[in-house]
Structure formats: C-alpha cells, structure tokens
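A.B. asks: Numbers 592 to 745, taken from my numbering, label the letters of the sequence shown in order.
Please read through the structure below; I'll follow up with questions.
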Amino acid sequence: MPNSWSNGRYTLIADEVLDLLRRDLRRQDIFEDPQKVTFTFGDNAIFVDDESYFSASSRAILKSSFFLGFLAAATKENFFRHPRFCMIDTHENMGVEAIRSQNFQLQALRISRESKVEHQIIYATAMIEAELEDEAYTVGAFSTNDERTIGIKM
Numbered sequence: 592m593p594n595s596w597s598n599g600r601y602t603l604i605a606d607e608v609l610d611l612l613r614r615d616l617r618r619q620d621i622f623e624d625p626q627k628v629t630f631t632f633g634d635n636a637i638f639v640d641d642e643s644y645f646s647a648s649s650r651a652i653l654k655s656s657f658f659l660g661f662l663a664a665a666t667k668e669n670f671f672r673h674p675r676f677c678m679i680d681t682h683e684n685m686g687v688e689a690i691r692s693q694n695f696q697l698q699a700l701r702i703s704r705e706s707k708v709e710h711q712i713i714y715a716t717a718m719i720e721a722e723l724e725d726e727a728y729t730v731g732a733f734s735t736n737d738e739r740t741i742g743i744k745m
C-alpha cells in the first residue's frame with residue numbers, strides 16, 4: 592500500500608483494474624476472478640492476488656488495464672489530479688491476439704461511454720474492433736505497406 596497516497600484513490604483504481612481483468616477473455620487463470628490488485632509507483636509494479644509473473648500478452652493486458660483503470664477512476668472522482676487521458680500502444684508488440692485486443696478496445700469504449708466528464712483515450716492498433724471502425728472513433732487513414740499514414744516521400 593502506498594505510504595503517502597490516499598487509500599481512497601488507490602482503492603478506486605484497484606477496483607477499476609479488477610473489473611477490467613474480470614472482463615478479459617479467458618487467457619490468464621488469475622484474471623478470471625481476481626480478489627485484489629496492488630501496485631506501487633516507486634517499484635513500477637502491479638500484483639494480482641500477490642502474483643506478478645505473467646505471459647507477455649497478459650502483462651500487456653494488466654498494464655493497459657492499470658492505465659485505463661486509472662483513467663476510469665479519474666473520470667468518476669473530481670479529486671484526482673490525473674489528466675483524463677490514456678494512450679495504449681502495446682498490444683501488438685506484446686503478442687496480444689486480435690480477439691483479446693478487440694475485447695479490450697470494447698472495454699475502453701464502455702469506460703468512455705460511462706464517463707460524464709471530458710476525456711481522451713488513444714488506442715493505437717492495426718487490429719481494430721469492427722464496432723470502432725467508424726469516424727466517430729477513428730482518426731486518420733489506415734496504414735498499409737503500400738499506403739503509409741505519414742506521407743514521407745523517399
């Protein structure tokens with residue numbers, strides 16, 4: 592438990608992370624019904640039921656759940672001094688399968704829709720969930736090897 596950080600803020604974030612992990616696809620046993628999430632900023636560590644060793648893809652989901660859970664808590668309580676902004680760009684690099692990444696994208700959409708305050712979530716992916724393939728949620732062109740999104744001329 593953090594020494595100088597409000598237990599209320601800590602608990603709100605942990606509860607949001609627990610909810611996100613429970614909504615993950617069944618890929619990591621401990622994420623199916625976790626009882627507690629603990630974290631320390633100083634050690635840059637997150638534990639689920641006192642465990643911290645997971646596959647690369649589950650670590651990506653856990654880390655992303657922490658960032659998104661922090662944002663969700665900050666959108667619900669005005670005493671947070673955290674920007675209501677979250678950027679996630681790790682799933683493809685960490686081997687998260689498309690369907691699991693898309694499930695997480697839907698969780699980000701759910702949290703965004705539930706928010707009653709202005710916020711921004713940036714989720715960089717080439718594995719976009721079909722429901723999000725809409726101008727209301729996407730910005731810019733889809734990048735391919737033939738059609739790059741950044742128009743650099745070689």
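Beta carbons: idealized from backbone N, C-alpha and C, even for Gly.
If you're wondering where the values come from, they're calculated on a predicted model, not measured in any experiment.
Kindly indicate the opening and closing residues of the alpha helix (DSSP H) around Ala-721.
C.D. replies: Within the sequence shown, the letter at position 130 stands for residue 721. Premise fails: Ala-721 is in no alpha helix (DSSP H) and is neither H nor E.
A.B. asks: Since Gly-636 is in the alpha helix (DSSP H), which residue starts that stretch and which ends it?
C.D. replies: Taking the sequence shown and counting its residues from 1, the one referred to as residue 636 is at position 45. The amino acid occupying residue 636 in the given sequence is Ala; Gly does not appear at that position. Run containing Ala-636: none in the alpha helix (DSSP H); it sits in the beta strand (DSSP E), 636-639.
A.B. asks: Have a look at Phe-657, Glu-709, Asn-736 and flag the residue whose alpha-carbon is nearest the alpha-carbon of Thr-681.
C.D. replies: By one-based count along the sequence shown, residue 681 stands at place 90. When each option's Cα is compared against that of Thr-681, the closest is Phe-657.
A.B. asks: Go ahead and label Gly-731 buried or exposed: buried means 16 or more other beta carbons lie within 10 angstroms of its beta carbon, across all protein chains shown.
C.D. replies: Within the sequence shown, numbered from 1, the residue matching residue 731 stands at position 140. Gly-731 should be labelled exposed.
A.B. asks: What do you reckon, are the CB atoms on Gln-693 and Ser-649 nearer than 8 Å?
C.D. replies: Indexing the sequence shown from 1 puts residue 693 at position 102. Indexing the sequence shown from 1 puts residue 649 at position 58. No, these two residues do not count as a Cβ contact at 8 Å.
A.B. asks: Identify whether Gln-698 lies in helix, strand or coil by the three-state DSSP scheme.
C.D. replies: As a working mapping, residue 698 is identified with position 107 in the sequence shown. The answer is helix: DSSP assigns Gln-698 an H, G or I state.
A.B. asks: Check this for me: beta carbons of Glu-683 and Thr-716, under 8 Å apart or not?
C.D. replies: Residue mapping note: residue 683 aligns to position 92 of the sequence shown, counting from 1. Residue mapping note: residue 716 aligns to position 125 of the sequence shown, counting from 1. Yes; because the gap between Cβ atoms is below 8 Å, this pair is in contact.
A.B. asks: Cutting at 8 Å between CB atoms, please list the residues of its own chain near Ser-643, excluding the five before and the five after it.
C.D. replies: For the purposes of this step, residue 643 is identified with residue 52 of the sequence shown, where counting begins at 1. Taken in chain order, the residues that qualify are Ala-636, Ile-637.
A.B. asks: Are Ala-651 and Val-687 touching if we call contact CB-CB under 8 Å?
C.D. replies: As a first step, residue 651 is located in the sequence shown; it is residue number 60 there, counting from the start. As a first step, residue 687 is located in the sequence shown; it is residue number 96 there, counting from the start. In this structure, Val-687 lies closer than 8 Å to Ala-651 by Cβ.
A.B. asks: By alpha-carbon positions, which one of Pro-625, Arg-600, Thr-666, Arg-617 ends up nearest to Asp-610?
C.D. replies: Locating residue 610 in the sequence shown gives position 19, where the first residue counts as 1. Looking at the Cα atoms, Pro-625 is the closest of the given residues.
A.B. asks: Which residue's Cα is closest to the Cα of Ala-605: His-710, Glu-623, Val-639?
C.D. replies: The count along the sequence shown starts at 1 and reaches residue 605 at position 14. For Ala-605, the nearest C-alpha among the options comes from Val-639.
A.B. asks: What is the residue span of the beta strand (DSSP E) that Tyr-601 lies within?
C.D. replies: Translated into the one-based positions of the sequence shown, residue 601 becomes position 10. Counting along the chain, Tyr-601 falls outside any beta strand (DSSP E), though it belongs to the alpha helix (DSSP H) covering 598-613.
A.B. asks: Can you tell me the Cα-Cα spacing of Ser-655 and Phe-670, whole angstroms?
C.D. replies: Taking the first residue of the sequence shown as 1, we reach residue 655 at position 64. Taking the first residue of the sequence shown as 1, we reach residue 670 at position 79. The alpha-carbon atoms of Ser-655 and Phe-670 are separated by roughly 22 Å.
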